[in-house]
Amino acid sequence: MDLNSKTMQKNIFITTCSIALLFFSACEKPINIDLPYEGNKIVINSLMMKDSFMYARLTNSSQLSSSSIFPVPAGAKIDLYENDVFKETLTRRNIWGKDYFVSVSKAIEGKKYTLKASAAGLDNAEGSDLIPHKPYFDGIEFKQTNSGSDQKAKLVININDPAGEKNYYRLRFYAADSNTSVTGPRFFINKQYYQYFKVDNLSSSSDFDVFGDYEYSQLYFTDDKFDGRNVSLTVNISYFSSSQQYIAPELVHLSRDSYRYLQSRENQFNNEGNPFTEAVVVYNNISGGYGIVGGMADSIKIVRKQ
Amino acid sequence: MILKITNLIILLFLFIITQSDAQSSAPNPKITISGYIEDSATGEKLPGATILVSEYKKGTTTNNYGFFTITIQRGPIHLLISYTGFQTKELQLDPQSDQSLNIKLTGIGSLQEVTIVAKKQLPIAQQTQMSKVTVPVAMVKDMPRFLGETDVLKTLQLLPGVAQGAEGTSGVLVRGGSPDQNLILLDGTPVYNPSHLFGIFSSFNSDALKNVDLYKGGFPARFGGRLSSVIDLVTKDGNMKKVHGEGSIGILTSRLTLEGPLKKDKTSFLVSGRRTYLDLLARPLIKSASEGDITGFGAYFYDLNVKLHHIISDRDRLFASFFSGHDFLKVKTNFSEGADKDVTKTRIGWGNTIGTLRWNHVFNKKLFANTLINYTQYRFVTDLDYYFKDDIDEERFAAKYFSGIYDAGARIDFDYRPLPEHNIKFGGAALQHIFTPGAATLKYTTTSANSIDTAFNKYKQRSSEFSSYAEDDWQISSKLKINLGVHASAFKAKTNWYQSVQPRIGLRYLLPGDIAFKAAYTHMNQYVHLLSNNSTTLPTDLWVPSTDLVKPMFSRQIAVGFAKSMMQEKIEASIEAYYKTMDGVIEYKDGASYLNSSTADWDTKVEAGKGKAYGVELLLQKKTGRTTGWIGYTLSWSRRHFPGINFGREFFYKYDRRHDFEVAVTHKISKRWEIAGSWQFQTGSPFTLPVAQYETANDGSPYDYGGSYDNINYYKGRNDFRLLNYHRLDFGITWHKQKKRYEKYWNLSFYNIYNRQNPFYYYLDTYNVSGKALLKGVTLLPIIPSLSYGFKF
């Protein structure tokens with residue numbers, strides 16, 4: 237071995253030992269990267285129900301943080317347009333501790349409603365949508381129930397889907413009760429709690445198998461598999477409370493925008509923090525801001541437990 | 006259109022064959038020279054060696070099995086035979102009739118000569134083939150090592166058009182394609198999951214390899230079944246002359262390769278193995294630290310290559326090769342106290358097993374055939390076995406999850422050279438797939454209750470796949486050469502048959518100044534999909550067949566470029582532009598989880614869409630001299646579009662990299678010292694990041710309960726944000742010494758020598774003390790030195 241080789245080998249040895257020390261002390265190192273922020277923007281949230289007053293929230297967006305307080309910006313104002321004609325300025329009211337902008341007129345099927353929002357120091361924002369027709373939700377058959385603390389029930393519900401249009405639905409079940417008044421029985425639907433349910437694939441339409449074997453509190457679906465047909469869904473419900481005597485199935489016909497917003501929001505919520513899924517982008521139809529202006533129409537029934 | 010092209014190609018083949026018969030009966034018949042080219046020291050056949058006929062400025066190359074054939078005018082000729090790392094051989098011949106030659110080339114040997122003087126393959130400007138890179142195995146072995154290991158796939162990542170997946174892994178992403186779109190062939194047999202240690206290392210032991218070809222486009226018709234690349238790895242045949250060996254001892258693994266004749270010049274063998282041994286060293290420490298509770302521990306990977314080569318006659322050769330590469334992690338705990346006993350065994354294992362039996366047959370001077378039958382499997386298994394016993398009860402709980410793909414097939418390839426201007430290849434293959442995508446079994450027995458013995462999702466799907474092809478590399482004139490081919494295939498899904506006819510067209514036109522203009526247009530079809538989280542190769546990745554819902558993938562690729570050899574062919578330069586469309590690529594639906602997709606209805610959780618990728622690649626490569634290596638640059642775009650993802654808006658593919666620049670260099674300082682380095686820069690990957698948050702909407706009325714939703718994170722769209730740029734410098738230095746009977750070396754390598762903090766993964770931290778959310782990147786691979794010792798005899 238020549239002298240140069242010896243020197244080189246010695247240097248290599250010393251370098252190796254030094255760097256090995258560095259390696260073992262630095263195996264995992266987090267790097268902080270500031271998130272981009274688009275700046276404060278107006279957020280309009282309004283899901284407009286057919287034949288109901290329209291309620292809207294107008295808030296500020298914020299940079300991503302652990303906080304979930306979204307103040308109403310100063311000078312907040314919302315104007316309502318019906319079929320692009322000015323209808324009214326919504327009235328600000330405090331409901332359950334939150335400020336809402338409420339209409340005096342009701343949402344009418346087939347009309348387009350636009351909400352134009354403004355606030356001091358923020359760009360104007362607006363969003364619009366059509367109010368859909370009520371869903372053709374008829375024929376509910378109570379199949380069976382079991383008793384005891386773990387009460388469950390089986391229902392068959394029928395949806396009559398109109399042909400030639402793409403329809404978007406949301407299905408929920410609530411617990412309900414009644415009392416007797418002079419005008420007859422009055423029903424109370426407890427919308428604070430959803431009943432969990434799953435849909436059997438064994439339905440009268442053998443090819444209607446879009447639902448897997450999961451339990452839902454609400455189900456979003458389209459008529460892709462049953463366009464223009466009457467479809468029966470066999471639903472298994474876990475009762476929330478055995479003391480309530482009725483079940484109230486609610487079928488909501490959603491506009492396309494409402495469906496995309498609600499469905500994507502559900503996905504984002506369900507997958508938050510899951511490293512094995514892609515982040516879910518929530519649909520936004522507000523130009524100049526964020527949020528949703530969406531139309532919907534509901535149909536609700538009361539079924540007595542047997 | 007496709008049918009018209011196919012018909013045209015078939016007519017051309019018929020025309021060529023009839024022309025061949027006509028010419029053989031002409032008054033001045035041509036003669037054919039054929040044979041094998043091999044290493045004089047080992048008898049190893051040399052694939053891709055060049056045979057040039059000086060008089061006609063014509064040449065050919067040996068095929069993957071070292072066989073060549075060339076037809077020329079009768080009369081004196083001067084042959085130049087060359088191959089990288091070997092002295093060029095010159096032969097003066099005056100053949101009056103067909104001749105069969107076995108040509109032996111002598112290796113230069115790095116210790117005898119500092120400078121590599123020999124050449125190379127057919128100069129790049131002479132080849133019709135484009136988008137192909139041959140990486141010399143010697144170059145792979147000279148590159149800086151990661152934890153003492155050389156890695157062929159990591160070397161391929163340094164080529165233009167090839168991006169790596171997650172940091173430090175050996176995932177290969179070619180021209181905007183996904184990892185499952187690479188056809189990785191080991192001696193002609195597909196390898197489904199070519200990685201160890203969660204993708205950190207590839208399954209291929211460089212000591213056992215002879216040749217590595219990467220095709221990024223312009224796919225010859227003989228290849229099919231994947232959209233984006235073909236990585237064709239050929240193992241050594243084994244030394245026919247005498248026993249040789251090589252090995253190394255590193256901080257992670259040790260390797261040993263032995264090869265030699267079983268019967269001199271008749272039968273040879275090769276055995277090459279590699280194993281990690283940290284578990285062997287750690288086992289006593291773990292036992293001691295657990296105070297004897299851990300009674301069994303193993304965490305290792307190994308791979309083993311075995312090959313036999315037998316020369317039956319001048320016309321027939323038989324090869325049998327076997328590969329097994331597996332990873333294991335197992336722990337056994339044992340607690341005992343009095344009559345109580347508690348034993349738990351857990352195990353995770355995965356790996357590939359491959360077997361290939363190949364027969365080379367020379368029918369005549371013009372027709373060569375390669376027939377093979379093969380088997381390949383990839384299997385993942387994890388299980389838990391729990392046993393408990395006390396005075397009252399005895400119970401056992403055993404759960405097992407396994408998935409895999411098993412293929413058995415047969416293939417025949419013909420190499421036919423009817424005329425000097427034509428090099429025709431044709432053949433066919435049949436393959437039977439068995440898919441077992443994620444089955445689980447559960448057993449529970451106890452003395453105090455009913456037993457459970459059940460299985461979930463336990464099913465197999467069998468699918469048949471057939472393919473055939475024909476291609477002609479046709480020298481139309483001294484300037485114009487075209488490659489016409491067609492590949493046809495069919496696949497049986499659950500109930501449907503899928504078919505595909507794929508034209509493959511390539512051309513080379515020699516411009517003034519010996520600049521070659523090249524173009525290629527190819528269709529590719531892929532019948533199998535990989536359910537993966539896409540960031541790295543994981544053992545849990547599932548191969549699944551096309552179904553009635555998820556159709557096969559299909560791509561079209563067009564590539565054009567220029568190539569030129571410079572400085573007496575020491576340097577090759579090429580520039581290529583490509584545009585590729587992909588149909589039927591799959592992606593998980595918004596919100597669908599990779600974790601629960603291993604069910605029979607997996608195809609309802611993914612969505613099929615389209616992809617497109619385009620870009621320009623520049624490669625400057627020096628293959629000879631004291632300094633060898635390349636500089637590569639890629640400017641590229643890769644996008645995806647799915648109707649139900651990102652609201653139907655197009656988005657950048659997860660591994661879209663705008664700029665990709667790489668340098669790989671080896672330099673022989675002296676007979677003993679050699680240095681190597683590589684530097685790589687890649688634009689950061691696209692990432693989906695929230696740029697704001699806002700309040701969620703309630704139901705129609707505030708009096709209804711809208712659900713307990715959190716705030717909404719606002720993402721402009723999928724993959725709208727760019728992560729940090731990636732760059733890294735690796736460096737290695739090797740010291741060789743020739744002893745009387747063997748050669749030894751020490752290699753010191755530094756991975757990431759300037760300690761660039763390239764994050765391995767990112768996550769959102771919304772609950773830190775500042776209250777402001779941050780994106781956090783976690784770096785796992787800082788500067789990593791490694792020292793390894795090797796020997797060769």
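Residue numbers (this note's numbering), protein chains in the order written: chain V, 237 to 542; chain E, 6 to 798. For glycine and all other residues, C-beta sits at the position ideal for the given N, C-alpha and C. Since the model is a prediction, treat every value here as computed from it, not as a measurement.
Per-residue burial, residue i [other beta carbons within 10 Å of its own, 16 or more giving buried]
| i | result |
| --- | --- |
| Ser537(E) | buried |
| Asp534(V) | buried |
| Tyr526(V) | buried |
| Met290(V) | buried |
| His83(E) | exposed |
| Leu455(V) | buried |
| Phe340(E) | exposed |
| Ala399(V) | exposed |
| Lys379(V) | exposed |
| His664(E) | exposed |
| Asp396(E) | exposed |
| Asp320(V) | exposed |
| Trp607(E) | buried |
| Gln299(V) | buried |
| Lys484(E) | exposed |
| Lys371(E) | buried |
DSSP state of residue i mapped onto helix, strand, coil
| i | result |
| --- | --- |
| Asp347(E) | strand |
| Thr609(E) | helix |
| Asn310(E) | strand |
| Glu667(E) | strand |
| Tyr432(V) | strand |
| Leu285(E) | helix |
| Gln454(V) | strand |
| Tyr497(V) | helix |
| Gln186(E) | helix |
| Ile538(V) | coil |
| Tyr504(V) | Here residue 504(V) turns out to be Gln, not Tyr, going by the sequence shown. Here Gln504(V) sits in helix by DSSP. |
| Phe726(E) | strand |
| Leu275(E) | strand |
| Asn403(V) | coil |
| Phe203(E) | helix |
| Ala294(E) | helix |
| Ala356(V) | coil |
| Ala484(V) | strand |
| Gly653(E) | helix |
| Glu2(E) | There is no way to answer for residue 2(E), as the model of chain E reaches only from 6 to 798. |
| Ala213(E) | helix |
| Glu49(E) | coil |
Beta carbon of residue i nearer than 7 Å to that of residue j
| i | j | result |
| --- | --- | --- |
| Gly166(E) | Thr527(E) | no |
| Ser45(E) | Lys109(E) | yes |
| Gln480(V) | Ala389(V) | no |
| Leu158(E) | Val177(E) | yes |
Item to complete: Could you name each continuous beta strand (DSSP E) segment of 3 residues or more that falls completely within the region 376 to 463 of chain E, going from the start of the chain to the end?
Response: 399 to 421, 427 to 451 and 457 to 461
Item to complete: List in chain order: all unbroken beta strand (DSSP E) runs of 3+ residues lying wholly within the region 680 to 705 of chain E.
Response: Within the region 680 to 705 of chain E, the beta strand (DSSP E) runs of at least 3 residues that lie entirely inside it are, in chain order, 695 to 699.
Discussion item. Going residue by residue through the region 95 to 177 of chain E, where are the continuous beta strand (DSSP E) segments of at least 3 residues, counting only ones entirely within it?
Written reply: 104 to 110, 137 to 139 and 167 to 169
Item to complete: Evaluate contact between the region 275 to 290 of chain E and the region 71 to 83 of chain E, counting only Cβ atoms and requiring at least three cross-stretch pairs below 8 Å.
Response: Proximity of the region 275 to 290 of chain E to the region 71 to 83 of chain E falls short of the contact definition, fewer than three beta-carbon pairs being nearer than 8 Å.
Item to complete: Only counting runs of 4 or more residues, tell me where the alpha helix (DSSP H) segments fall wholly within the region 555 to 582 of chain E, in order along the chain.
Response: none
Worksheet item: Between the region 483 to 496 of chain V and the region 654 to 671 of chain E, are three or more C-beta pairs nearer than 8 Å?
Response: no
Worksheet item: Do the region 232 to 244 of chain E and the region 258 to 275 of chain E make contact, defined as three or more Cβ pairs closer than 8 Å?
Response: yes
Worksheet item: So, do the region 497 to 510 of chain V and the region 671 to 685 of chain E have three or more beta carbon pairs nearer to each other than 8 Å?
Response: no
Worksheet item: Is it a yes or a no for the region 182 to 194 of chain E touching the region 361 to 374 of chain E, going by three-plus beta-carbon pairs under 8 Å?
Response: yes
Worksheet item: Is the region 725 to 738 of chain E touching the region 145 to 163 of chain E, taking contact as three or more C-beta pairs under 8 Å?
Response: Touching, yes.
Discussion item. Could you check whether the region 453 to 472 of chain V touches the region 405 to 412 of chain V, counting it as contact only if at least three pairs of C-beta atoms, one from each stretch, sit closer than 8 Å?
Written reply: yes
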